[in-house]
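Working notes for the structure below.
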Amino acid sequence: MSATLRQLEYLLAVVETGSITEAAAHLHISQPTLSQQLKALEKTVGTPLLERTPRGAHLTPAGRAFLPGARHALAGADRATGAARAVAGMVHGQLHLATVLSVAIGVVPSVLAAWHRTHPHVDVVLHEYGDLDSFAASLTGATADVALGPLPDGWDGPHCPLGAEEFVAIVPPGDRLAGRRTVRLTEFADRRWVLYGPSHGLSAVVSQLCAEAAFTPSAAIRSTQTAALPRLVAAGLGVAVVPANILTPDFPGTVLRLNPRYRRPLDVFSRPAPHPLISEFLTIAQHSARLHPEHLAEPLT
8 MSATLRQLEY
18 LLAVVETGSI
28 TEAAAHLHIS
38 QPTLSQQLKA
48 LEKTVGTPLL
58 ERTPRGAHLT
68 PAGRAFLPGA
78 RHALAGADRA
88 TGAARAVAGM
98 VHGQLHLATV
108 LSVAIGVVPS
118 VLAAWHRTHP
128 HVDVVLHEYG
138 DLDSFAASLT
148 GATADVALGP
158 LPDGWDGPHC
168 PLGAEEFVAI
178 VPPGDRLAGR
188 RTVRLTEFAD
198 RRWVLYGPSH
208 GLSAVVSQLC
218 AEAAFTPSAA
228 IRSTQTAALP
238 RLVAAGLGVA
248 VVPANILTPD
258 FPGTVLRLNP
268 RYRRPLDVFS
278 RPAPHPLISE
288 FLTIAQHSAR
298 LHPEHLAEPL
308 T
C-alpha cells in the first residue's frame, strides 16, 4: 500500500501549523479524522513521522527525511492536474499526429500552420509512417491521438474528408515530353523509372497504376525518401509518378497530368469519443488542408 496524496496533504498541514488541532480546522475536517489518517500514513511508511506533545506536533527524524519527498509528490500532482486542465481548455498541452510520409511533406504543413495560429501552446508531435498498416495501427494502438492520410478500410471512428490529392508524372529537364501537359502511362512503358522503395506506402500505388497500363516499370533507382524522387528525376535518372503536393516551385523538370487522372482521397480521423482538443484539430484540418499546390494550378486544370 502507498501513501495517498490526501495523507501527504494532511501531514504538510500539520507541519505548517505545528498543531493537529489547528491543521484539522484549516482542512475543515475533524481532529479524530486527521489523527486517524496520520496514523494510517505512519503505518504505511513503517515508522512514526510526528512526535505529539502537549505543545503541538513536530517531525521526527524520519519525518524530516520523509517531508521533501512528500512536498515533491504534492507539487507534481498539482502540475499534472494543471496540465490536464490546460489541455481540456485547449490552452497548453501536446497532441500526437500520425501521417504517411508523402502527406507529411505535401499536406501536413498547411494544417499545422493553421493549428499553431489558434493553439500556439499545444505542441504537435509528428509520427510518420512508410506503410499504411503501421499508419492505421498507430491510432488503434494509441501511439497517436489523431491521424491524417488515407482512411483505413472499415474505420468507424470520427473522420472528416479533406478531398483528394492528385498524382502526376514528372520527367527531367530537356525530356522529349517537355512542353506537353498530359501523358498516358503507356508512354513510359519503355522508360527507366525512379521508384519508391518496396516498404514505402506509395510503391503499391505506382505499381498498380503501371499494371493497369499493362507494363511493369523498370527501376533505375528506388528510394524510401519521398522528397528524394523529384531530385533524382531532375538529375536525369528517370521518370516518376508522385503526389503533386510534394513538388516545390523550383522543380526544373516537366509536370504532366495523368490521363486518365489518378486521385487519392485523404481524411483526418480519430478514435471514437475524441477529446475536445482532438475534435478541434479535426475541424481545423478540414478547413486548412491544402491538397493542391498553387504553383501547379495551371498544369492540373
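Using my numbering, the first residue of the sequence shown is number 8, and each one after it goes up by one.
Backbone N, C-alpha and C define an ideal beta-carbon position, used for all residues, glycine too.
Nonlocal neighbours in the same chain, by C-beta distance under 6 Å from residue i, ignoring five residues either side
i: Arg297; result: Ser117
i: Pro168; result: Asp274
i: Ala154; result: Ala105, Leu146 and Phe276
i: His207; result: Gly137 and Thr231
i: Phe195; result: Val246
i: Leu81; result: Leu15
i: Val248; result: Phe174, Ala176 and Val213
i: Arg229; result: Leu202 and Gly204
i: Ala84; result: Leu12
Local conformation of residue i per DSSP, three classes
i: Asp140; result: helix
i: Ala304; result: coil
i: Arg183; result: coil
i: Ile36; result: coil
i: Leu289; result: helix
i: Arg297; result: coil
i: Leu18; result: helix
i: Thr24; result: helix
i: Thr189; result: strand
i: Leu244; result: coil
i: Leu254; result: coil
Run of the alpha helix (DSSP H) containing residue i, from where it starts to where it stops
i: Trp122; result: Val115 to Thr125
i: Gly100; result: That residue, Gly100, is in no alpha helix (DSSP H); its beta strand (DSSP E) goes Gly100 to Val107.
i: Ser210; result: Gly208 to Glu219
i: Ala241; result: Ala235 to Ala241
Span of the beta strand (DSSP E) around residue i
i: Ser225; result: Ser225 to Ser230
i: Thr193; result: Here Thr193 belongs to no beta strand (DSSP E), and DSSP marks it neither H nor E.
i: Pro272; result: Thr261 to Ser277
i: Leu202; result: Arg199 to Tyr203
i: Val175; result: His166 to Val178
i: Gly156; result: Val153 to Gly156
i: Ala247; result: Ala247 to Pro250
Cut-off 7 Å between Cβ atoms - residues of its own chain near residue i, not counting five sequence neighbours on either side
i: Ser26; result: Gly63 and Ala64
i: Thr233; result: Leu108, Ser109, Ile112 and Ile253
i: Ser225; result: Arg199 and Trp200
i: Ala227; result: Arg199, Trp200, Val201, Leu244 and Gly245
i: Phe288; result: Leu102, Trp122 and Val153
i: Ser37; result: Ala31
i: Ser42; result: Ile27
i: Arg264; result: Val175, Arg188, Thr189, Pro306 and Leu307
i: Leu119; result: Val131
i: Thr24; result: Ala30 and His33
i: Ala77; result: Leu15, Leu18 and Leu19
Contacts around residue i, its chain only, beta-carbon distance under 8 Å, and the 5 residues preceding and following it disregarded
i: Asn266; result: Thr189, Val190 and Arg191
i: His294; result: Ala121
i: Asp163; result: Pro279
i: Arg13; result: Gln44
i: Leu303; result: Val175, Ala251, Leu254 and Val262
i: Val52; result: Ala10, Ala69 and Phe73
i: Val115; result: Leu104, Thr106, Leu133 and Leu155
Whole-angstrom C-beta distance between residue j and residue i, which should lie under 8 Å
i: Phe258; j: Pro237; result: 5 Å
i: Gly260; j: Arg199; result: Not really, about 14 Å apart at Cβ, beyond 8 Å.
i: Ala171; j: Arg270; result: 4 Å
i: Ala30; j: Ala20; result: 4 Å
i: Pro55; j: Thr67; result: 5 Å
i: Leu74; j: Leu48; result: Not confirmed; about 12 Å, so no contact.
i: Gly100; j: Val131; result: Actually they are not in contact, since the Cβ atoms of Gly100 and Val131 sit about 10 Å apart, beyond 8 Å.
i: Pro159; j: Ala185; result: Rounded, the Cβ-Cβ distance is 39 Å, inconsistent with contact.
i: Ile285; j: Thr125; result: With 8 Å as the limit, Ile285 and Thr125 do not qualify as a contact, their Cβ atoms being about 14 Å apart.
Which runs of the beta strand (DSSP E) at least 3 residues long sit entirely within the segment 56-89? Give them in chain order. 57-60 and 63-66
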